[in-house]
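Convert by adding 1461 to the 1-based position in the sequence shown; the result is the number in my numbering.
Using N, Cα and C, we set each Cβ at its ideal position, and we do this for glycine too.
The structure appears below as C-alpha coordinates.
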Amino acid sequence: ASKLTSLHMVSAVRDWGVKNLIDDVVKLAGPRGSVWAIGAQNAGKSTLINAIGKHVTGKLPHITEAPVPGTTLGIIRLEGVLPGNTKLFDTPGLLHPQNLAMRLTREEQKLVEISKELKPRTYRIKVGHTVHIAGLLRLDVEELSVDSVYVTVWASPHLPLHMGKTENADRMLVDHFGHQLQPPIGENRVEELGRWVRREFHVCGKSWDSSSVDIAVAGVGWFAIGIRGEAKLSAWTYDGVEVVMRNALLPHRAQLFEVAGFTVSKIVAEADKSSNRSKKPKKGEKPSCC
(Lines of atoms letter the chains of each structure in order from A and count residues from 1; the text may use other names and numbers.)
(Lines give C-alpha, C1' and ligand atoms only; values in the text may rest on other atoms or scores of the structure.)
Protein backbone atom coordinates (compact mmCIF):
# COMPACT_ATOMS: atom_id res chain seq x y z
CA ALA A 1 0.00 0.00 0.00
CA SER A 2 1.15 3.55 -0.74
CA LYS A 3 2.47 5.52 2.23
CA LEU A 4 1.29 9.07 2.90
CA THR A 5 4.44 11.19 2.82
CA SER A 6 3.08 14.62 3.74
CA LEU A 7 -0.09 16.67 4.07
CA HIS A 8 -0.46 20.34 3.10
CA MET A 9 -3.25 22.83 3.75
CA VAL A 10 -3.39 25.20 0.77
CA SER A 11 -5.59 27.85 -0.83
CA ALA A 12 -5.25 28.17 -4.59
CA VAL A 13 -7.29 31.39 -4.47
CA ARG A 14 -5.23 33.18 -1.80
CA ASP A 15 -1.92 31.43 -2.55
CA TRP A 16 -1.69 30.12 1.01
CA GLY A 17 0.71 27.21 1.41
CA VAL A 18 1.37 26.84 -2.32
CA LYS A 19 5.12 27.54 -2.09
CA ASN A 20 5.61 24.94 0.65
CA LEU A 21 3.67 22.42 -1.44
CA ILE A 22 5.82 23.10 -4.52
CA ASP A 23 9.06 22.80 -2.55
CA ASP A 24 7.95 19.50 -1.02
CA VAL A 25 6.73 18.02 -4.32
CA VAL A 26 9.91 18.95 -6.20
CA LYS A 27 12.07 17.56 -3.38
CA LEU A 28 10.19 14.25 -3.45
CA ALA A 29 10.08 13.96 -7.25
CA GLY A 30 13.66 15.01 -7.92
CA PRO A 31 14.94 17.19 -10.81
CA ARG A 32 13.68 14.85 -13.55
CA GLY A 33 10.83 13.08 -11.77
CA SER A 34 7.14 12.85 -12.61
CA VAL A 35 4.26 14.19 -10.54
CA TRP A 36 0.67 13.00 -11.02
CA ALA A 37 -2.28 15.09 -9.85
CA ILE A 38 -5.04 12.67 -8.81
CA GLY A 39 -8.31 13.40 -7.03
CA ALA A 40 -12.08 13.34 -7.06
CA GLN A 41 -14.13 15.27 -9.59
CA ASN A 42 -14.62 18.93 -8.65
CA ALA A 43 -11.93 18.72 -5.96
CA GLY A 44 -10.10 21.66 -7.57
CA LYS A 45 -7.03 19.92 -9.02
CA SER A 46 -6.93 22.09 -12.12
CA THR A 47 -7.36 25.27 -10.09
CA LEU A 48 -4.46 24.24 -7.85
CA ILE A 49 -2.27 23.45 -10.88
CA ASN A 50 -2.95 26.92 -12.24
CA ALA A 51 -1.96 28.41 -8.88
CA ILE A 52 1.27 26.38 -8.92
CA GLY A 53 2.03 27.56 -12.45
CA LYS A 54 1.43 31.18 -11.47
CA HIS A 55 3.69 30.83 -8.44
CA VAL A 56 6.53 29.31 -10.48
CA THR A 57 6.32 31.43 -13.66
CA GLY A 58 4.68 34.61 -12.35
CA LYS A 59 1.85 34.25 -14.86
CA LEU A 60 -1.63 32.77 -14.59
CA PRO A 61 -1.56 30.03 -17.24
CA HIS A 62 -5.17 28.73 -17.11
CA ILE A 63 -3.74 25.41 -18.13
CA THR A 64 -6.58 22.97 -17.59
CA GLU A 65 -9.30 24.76 -15.66
CA ALA A 66 -12.65 24.44 -17.45
CA PRO A 67 -15.91 26.38 -17.08
CA VAL A 68 -17.69 23.12 -16.29
CA PRO A 69 -16.18 21.24 -13.33
CA GLY A 70 -15.10 17.65 -13.85
CA THR A 71 -14.29 18.06 -17.55
CA THR A 72 -10.55 17.35 -17.69
CA LEU A 73 -10.40 14.77 -20.50
CA GLY A 74 -7.66 12.17 -20.54
CA ILE A 75 -4.18 12.48 -19.02
CA ILE A 76 -2.56 15.82 -19.82
CA ARG A 77 1.21 16.39 -19.62
CA LEU A 78 1.91 19.94 -18.51
CA GLU A 79 5.22 21.54 -19.40
CA GLY A 80 6.90 24.32 -17.42
CA VAL A 81 4.56 24.26 -14.45
CA LEU A 82 7.03 22.84 -11.92
CA PRO A 83 10.64 24.06 -11.66
CA GLY A 84 13.44 22.45 -13.65
CA ASN A 85 12.64 19.31 -15.61
CA THR A 86 10.08 17.95 -13.16
CA LYS A 87 7.08 16.77 -15.19
CA LEU A 88 3.47 17.24 -14.10
CA PHE A 89 0.50 15.19 -15.32
CA ASP A 90 -3.13 16.16 -14.75
CA THR A 91 -5.67 13.32 -14.68
CA PRO A 92 -9.47 13.13 -15.05
CA GLY A 93 -11.41 13.45 -11.81
CA LEU A 94 -12.30 10.20 -10.09
CA LEU A 95 -15.99 9.47 -9.65
CA HIS A 96 -17.07 9.39 -6.00
CA PRO A 97 -20.40 7.51 -5.87
CA GLN A 98 -21.01 8.61 -2.27
CA ASN A 99 -20.67 12.30 -3.18
CA LEU A 100 -24.12 13.88 -3.44
CA ALA A 101 -22.96 16.56 -5.89
CA MET A 102 -22.18 13.81 -8.41
CA ARG A 103 -25.90 12.98 -8.56
CA LEU A 104 -26.97 16.54 -9.35
CA THR A 105 -27.64 18.14 -12.73
CA ARG A 106 -25.37 20.95 -13.90
CA GLU A 107 -27.95 23.58 -12.88
CA GLU A 108 -28.23 22.01 -9.43
CA GLN A 109 -24.46 21.84 -9.05
CA LYS A 110 -24.23 25.59 -9.61
CA LEU A 111 -26.24 26.11 -6.42
CA VAL A 112 -24.00 23.76 -4.42
CA GLU A 113 -20.62 24.98 -5.67
CA ILE A 114 -18.73 27.37 -3.41
CA SER A 115 -17.20 30.30 -5.30
CA LYS A 116 -16.80 32.77 -2.43
CA GLU A 117 -15.55 32.71 1.15
CA LEU A 118 -17.96 30.74 3.30
CA LYS A 119 -19.91 32.53 6.00
CA PRO A 120 -21.52 30.73 8.94
CA ARG A 121 -25.30 30.58 9.37
CA THR A 122 -26.14 29.68 12.96
CA TYR A 123 -29.29 28.53 14.74
CA ARG A 124 -29.93 28.07 18.45
CA ILE A 125 -32.20 25.03 18.58
CA LYS A 126 -34.16 23.11 21.19
CA VAL A 127 -35.23 19.46 21.19
CA GLY A 128 -37.86 18.62 18.59
CA HIS A 129 -36.61 21.01 15.92
CA THR A 130 -35.05 20.42 12.51
CA VAL A 131 -32.79 22.29 10.06
CA HIS A 132 -32.91 21.60 6.30
CA ILE A 133 -30.14 22.51 3.85
CA ALA A 134 -32.11 22.80 0.60
CA GLY A 135 -33.69 19.47 -0.31
CA LEU A 136 -30.39 17.71 0.26
CA LEU A 137 -29.80 17.37 3.98
CA ARG A 138 -31.75 17.53 7.23
CA LEU A 139 -30.66 17.54 10.88
CA ASP A 140 -33.05 16.62 13.72
CA VAL A 141 -32.34 17.49 17.36
CA GLU A 142 -33.81 14.48 19.17
CA GLU A 143 -32.35 14.58 22.69
CA LEU A 144 -30.28 17.08 24.72
CA SER A 145 -28.73 17.02 28.17
CA VAL A 146 -29.02 20.83 28.20
CA ASP A 147 -31.63 23.37 27.10
CA SER A 148 -30.43 23.99 23.54
CA VAL A 149 -27.66 23.45 21.00
CA TYR A 150 -25.95 25.73 18.47
CA VAL A 151 -26.11 24.42 14.90
CA THR A 152 -24.01 26.26 12.31
CA VAL A 153 -24.48 25.57 8.61
CA TRP A 154 -21.41 25.67 6.38
CA ALA A 155 -22.52 25.40 2.76
CA SER A 156 -22.97 27.46 -0.39
CA PRO A 157 -24.89 30.71 0.27
CA HIS A 158 -27.10 29.81 -2.70
CA LEU A 159 -28.57 26.88 -0.76
CA PRO A 160 -31.80 27.82 1.06
CA LEU A 161 -32.32 26.79 4.68
CA HIS A 162 -35.35 26.04 6.81
CA MET A 163 -35.72 25.59 10.55
CA GLY A 164 -38.93 24.32 12.13
CA LYS A 165 -40.51 21.59 14.23
CA THR A 166 -39.44 18.02 13.52
CA GLU A 167 -43.07 16.89 13.52
CA ASN A 168 -43.54 18.88 10.29
CA ALA A 169 -40.32 17.68 8.60
CA ASP A 170 -41.93 14.94 6.50
CA ARG A 171 -44.37 17.49 5.05
CA MET A 172 -41.41 19.65 4.02
CA LEU A 173 -40.24 16.88 1.70
CA VAL A 174 -43.67 16.57 0.09
CA ASP A 175 -44.58 20.26 -0.10
CA HIS A 176 -41.31 22.17 -0.53
CA PHE A 177 -38.53 19.93 -1.93
CA GLY A 178 -37.87 21.00 -5.52
CA HIS A 179 -39.49 24.41 -4.93
CA GLN A 180 -38.48 26.62 -1.98
CA LEU A 181 -35.89 23.99 -1.05
CA GLN A 182 -33.68 23.63 -4.14
CA PRO A 183 -31.79 21.62 -5.22
CA PRO A 184 -33.22 19.27 -6.36
CA ILE A 185 -34.92 21.44 -8.97
CA GLY A 186 -38.44 20.21 -9.63
CA GLU A 187 -40.59 17.49 -8.10
CA ASN A 188 -39.43 14.82 -10.55
CA ARG A 189 -35.82 15.26 -9.47
CA VAL A 190 -36.74 14.55 -5.83
CA GLU A 191 -37.83 11.05 -6.83
CA GLU A 192 -34.82 10.55 -9.09
CA LEU A 193 -32.34 11.23 -6.28
CA GLY A 194 -33.60 8.23 -4.36
CA ARG A 195 -34.75 7.20 -0.91
CA TRP A 196 -34.45 9.55 2.09
CA VAL A 197 -32.63 7.74 4.94
CA ARG A 198 -31.70 8.49 8.57
CA ARG A 199 -28.35 8.22 10.36
CA GLU A 200 -27.99 8.65 14.12
CA PHE A 201 -25.17 10.52 15.87
CA HIS A 202 -24.31 10.99 19.54
CA VAL A 203 -22.43 14.23 20.19
CA CYS A 204 -20.51 15.38 23.27
CA GLY A 205 -19.08 18.90 23.58
CA LYS A 206 -17.34 21.00 26.22
CA SER A 207 -17.97 24.57 25.06
CA TRP A 208 -20.77 26.94 24.09
CA ASP A 209 -18.30 29.36 22.49
CA SER A 210 -17.11 27.11 19.67
CA SER A 211 -18.27 24.09 17.71
CA SER A 212 -17.00 20.71 18.87
CA VAL A 213 -17.91 18.40 15.98
CA ASP A 214 -19.15 18.49 12.39
CA ILE A 215 -21.74 16.28 10.74
CA ALA A 216 -20.68 16.44 7.10
CA VAL A 217 -22.26 15.25 3.86
CA ALA A 218 -19.96 14.60 0.91
CA GLY A 219 -20.41 17.17 -1.83
CA VAL A 220 -22.77 19.52 0.04
CA GLY A 221 -21.39 20.90 3.31
CA TRP A 222 -21.78 20.33 7.02
CA PHE A 223 -23.51 21.13 10.28
CA ALA A 224 -21.14 22.30 13.04
CA ILE A 225 -22.42 21.48 16.52
CA GLY A 226 -21.70 23.68 19.54
CA ILE A 227 -22.78 22.31 22.91
CA ARG A 228 -21.62 22.00 26.48
CA GLY A 229 -23.19 18.65 27.14
CA GLU A 230 -24.53 15.74 25.12
CA ALA A 231 -26.93 15.45 22.19
CA LYS A 232 -28.61 12.77 20.11
CA LEU A 233 -28.96 13.99 16.53
CA SER A 234 -30.23 12.47 13.29
CA ALA A 235 -29.00 13.37 9.83
CA TRP A 236 -31.18 12.63 6.81
CA THR A 237 -30.08 12.55 3.19
CA TYR A 238 -30.37 10.32 0.12
CA ASP A 239 -29.49 6.63 0.34
CA GLY A 240 -25.85 5.86 -0.45
CA VAL A 241 -24.53 9.36 0.28
CA GLU A 242 -21.60 9.52 2.72
CA VAL A 243 -22.31 11.19 6.08
CA VAL A 244 -19.52 11.42 8.66
CA MET A 245 -18.89 12.95 12.08
CA ARG A 246 -15.50 14.60 12.68
CA ASN A 247 -13.79 17.22 14.82
CA ALA A 248 -14.98 20.72 13.94
CA LEU A 249 -13.13 22.11 10.92
CA LEU A 250 -14.26 25.72 11.55
CA PRO A 251 -15.17 26.18 15.22
CA HIS A 252 -16.60 29.72 15.12
CA ARG A 253 -20.25 30.64 14.54
CA ALA A 254 -22.24 33.63 13.29
CA GLN A 255 -22.70 36.64 15.58
CA LEU A 256 -26.33 37.03 14.53
CA PHE A 257 -28.55 33.94 14.64
CA GLU A 258 -30.94 32.76 11.95
CA VAL A 259 -34.65 32.65 12.78
CA ALA A 260 -37.25 29.94 12.27
CA GLY A 261 -38.75 29.50 8.81
CA PHE A 262 -37.22 29.82 5.35
CA THR A 263 -33.96 31.53 4.44
CA VAL A 264 -34.09 31.45 0.64
CA SER A 265 -31.43 32.78 -1.73
CA LYS A 266 -32.42 35.15 -4.55
CA ILE A 267 -31.50 32.55 -7.16
CA VAL A 268 -33.82 29.91 -5.70
CA ALA A 269 -36.60 32.43 -5.03
CA GLU A 270 -36.60 33.59 -8.66
CA ALA A 271 -36.47 30.01 -9.96
CA ASP A 272 -39.42 29.05 -7.76
CA LYS A 273 -41.44 32.07 -8.96
CA SER A 274 -40.71 31.21 -12.59
CA SER A 275 -41.79 27.62 -11.99
CA ASN A 276 -45.06 28.74 -10.41
CA ARG A 277 -45.78 31.15 -13.27
CA SER A 278 -45.19 28.42 -15.85
CA LYS A 279 -47.74 26.18 -14.11
CA LYS A 280 -50.51 28.78 -14.20
CA PRO A 281 -52.87 28.50 -17.21
CA LYS A 282 -52.61 31.34 -19.70
CA LYS A 283 -55.46 33.78 -20.05
CA GLY A 284 -58.34 32.10 -21.86
CA GLU A 285 -57.04 28.60 -21.17
CA LYS A 286 -58.90 26.15 -18.98
CA PRO A 287 -56.88 24.51 -16.23
CA SER A 288 -56.16 20.83 -16.71
CA CYS A 289 -58.39 18.55 -14.68
CA CYS A 290 -56.13 15.48 -14.74
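query = Leaving out the 5 sequence neighbours to the left and right, which residues in its chain are closer than 6 Å to ARG1707 when beta-carbon positions are compared?
reply = Walking along the sequence shown from the start, residue 1707 turns up at place 246. Non-local beta-carbon contacts of ARG1707 in its own chain, meaning distances under 6 Å to residues more than five positions away in sequence, involve ASP1675 in chain order.
task = Examine the Cβ distances between the stretch 1573 to 1592 and the stretch 1536 to 1553 and report whether three or more of them are shorter than 8 Å.
result = Output reads no: the stretch 1536 to 1553 does not touch the stretch 1573 to 1592.
Limits of the beta strand (DSSP E) - the one that LEU1539 falls within = Locating residue 1539 in the sequence shown gives position 78, counting from the first residue. Residues 1537 to 1539.
task = Along the alpha helix (DSSP H) that carries HIS1516, what are the first and last residues, could you check?
result = Position 55 of the sequence shown, counted from the start, is the residue given in the question as residue 1516. Per DSSP, HIS1516 is one residue of the alpha helix (DSSP H) stretching across 1506 to 1518.
ask   = In terms of residue numbering, what span does the beta strand (DSSP E) encompassing HIS1663 cover?
value = Here the question's residue 1663 lines up with position 202 in the sequence shown. Segment 1657 to 1668, the beta strand (DSSP E) holding HIS1663.
key: Within 8 Å, strictly: CB atoms of PRO1558 and GLY1596   = Taking the first residue of the sequence shown as position 1, residue 1558 is located at position 97. Taking the first residue of the sequence shown as position 1, residue 1596 is located at position 135. One thing to note: PRO1558 has its Cβ no nearer than 8 Å to the Cβ of GLY1596.
query = Counting Cβ pairs closer than 8 Å, one from the stretch 1593 to 1607 and one from the stretch 1631 to 1647, do we hit at least three?
reply = Contact between the stretch 1593 to 1607 and the stretch 1631 to 1647 is present, because at least three Cβ pairs lie under 8 Å.
key: Cross-strand partners of GLU1604 (DSSP beta bridge)   = Mapped onto the sequence shown, residue 1604 falls at position 143. GLU1604 is bridged to LYS1693.
ask   = Which value, in whole angstroms, describes the spacing of the CA atoms of VAL1474 and ALA1512?
value = As a first step, residue 1474 is located in the sequence shown; it is residue number 13 there, counting from the start. As a first step, residue 1512 is located in the sequence shown; it is residue number 51 there, counting from the start. Approximately 8 Å between the Cα atoms of the pair.
ask   = Does the beta-carbon distance from ARG1714 to GLY1687 come in below 8 Å?
value = Residue 1714 sits at position 253 when you count from the first residue of the sequence shown. Residue 1687 sits at position 226 when you count from the first residue of the sequence shown. Yes, the Cβ-Cβ distance between ARG1714 and GLY1687 is below 8 Å.
inquiry  = Considering only their Cβ atoms, is the gap separating GLY1514 from VAL1542 smaller than 8 Å?
reply    = If you number the sequence shown from 1, residue 1542 lands on position 81. If you number the sequence shown from 1, residue 1514 lands on position 53. Inclusion of VAL1542 and GLY1514 in the CB contact set at 8 Å is warranted, their separation being smaller than that value.
request  = Please specify which runs of the alpha helix (DSSP H), each continuous and at least 4 residues long, are wholly inside the stretch 1568 to 1628, giving them in chain order.
outcome  = Correct list: empty.
inquiry  = Check whether the stretch 1717 to 1726 and the stretch 1616 to 1623 touch, using three or more Cβ-Cβ pairs below 8 Å as the test.
reply    = Yes: the two stretches touch, three or more of their Cβ pairs being nearer than 8 Å.
task = Decide if the stretch 1496 to 1503 is in contact with the stretch 1465 to 1485; the criterion is three or more beta carbon pairs, one per stretch, under 8 Å apart.
result = By the Cβ criterion, the stretch 1496 to 1503 is not in contact with the stretch 1465 to 1485, since fewer than three pairs of Cβ atoms, one from each stretch, lie closer than 8 Å.
VAL1658, buried or exposed, once every other Cβ within 10 Å from all chains shown has been counted against 16 = Position 197 of the sequence shown holds residue 1658. Its Cβ having fewer than 16 others within 10 Å, VAL1658 is exposed.
request  = Answer yes or no: do PRO1588 and LEU1605 have a C-beta to C-beta separation smaller than 8 Å?
outcome  = As a working note, residue 1588 is residue 127 in the sequence shown. As a working note, residue 1605 is residue 144 in the sequence shown. The sequence given here places Val at residue 1588; Pro does not occur at that position. Result yes, Cβ atoms of VAL1588 and LEU1605 sit closer than 8 Å.
request  = Please classify GLY1506: is it buried, with 16 or more other beta-carbons within 10 angstroms of its beta-carbon, or exposed?
outcome  = Walking along the sequence shown from the start, residue 1506 turns up at place 45. Note on identity: in this sequence residue 1506 is Lys, with Gly being the wrong assignment. Buried: at least 16 other Cβ atoms inside 10 Å.
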